[in-house]
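Mapping of the sequence shown onto the working numbering: residues 1 to 115, in sequence order. We treat Cβ as the ideally placed atom computed from N, Cα and C, and that holds for glycine. Down below is the structure, laid out as structure tokens.
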Amino acid sequence: DRRPVLIVRGQGRLIDAAAAADLDRVRDLLDDLEGKQEVASLLDSARAGDSTRIFIGAETKLFALSGSSVIARPFRGLDGRVVGVVGVIGPTRLNDARVVPMVDFTAATLARLMG
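The following block contains the structure:
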């Protein structure tokens, strides 16, 4: 029985991309990401589906303060079991039409690499 591993990367880019007026929101988001149990719970919700899920701001307790959203999709191994979830965190006004295909492509690529 293997324990799940949570990998969170790219937090530094959030600060690079933030305007000075958004620094408080970025700090809130980074605080939210520190609560790995809440992140794991959100990803478990994404794992439950077969398609891309969009979690918007206040819909999820995790990112209510920072006003962020998550676009996530599970990917499967050869045996059909979910082996991971890939996702993007961004502002609630994130361009879903642009990001969803990227998340789908990344999940499909990871699934192919797992096979």
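Helix, strand or coil for residue i per DSSP?
| i | result |
| --- | --- |
| A48 | coil |
| P101 | helix |
| R53 | strand |
| R112 | helix |
| R3 | coil |
| R9 | coil |
| R73 | strand |
If you compare alpha carbons, which of the options is closest to residue i?
| i | options | result |
| --- | --- | --- |
| P74 | Q37, R53 and L23 | R53 |
| S69 | G115, R47, D50 and V39 | V39 |
| L23 | T109, P91 and N95 | P91 |
| S45 | D31, R3 and L62 | L62 |
| T60 | S41, P4 and T109 | S41 |
| T106 | S51, L94 and G67 | S51 |
| I56 | G10, N95 and A108 | N95 |
| G67 | L43, G84 and R93 | R93 |
| R3 | G84, G49, D31 and D28 | G84 |
Give me the Cβ distance between residue i and residue j, rounded to the nearest whole Å; I'm assuming they're in contact under 8 angstroms.
| i | j | result |
| --- | --- | --- |
| V99 | V88 | 5 angstroms |
| G80 | M114 | Incorrect: roughly 11 angstroms between the Cβ atoms, too far for contact. |
| L26 | I71 | Checking the displayed sequence, the identity of residue 26 turns out to be Val instead of Leu. Wrong, their Cβ atoms sit about 18 angstroms apart, outside the cutoff. |
| V82 | R47 | 5 angstroms |
| L136 | V8 | This structure does not reach residue 136, given that the chain is present from 1 up to 115, and the question cannot be answered. |
Are there any heavy atoms of the ligand GTP lying less than 7 angstroms away from the beta-carbon of residue i, as far as the coordinates show?
| i | result |
| --- | --- |
| G80 | Summarising the ligand content, the structure contains no ligands, and the ligand GTP is consequently not present. |
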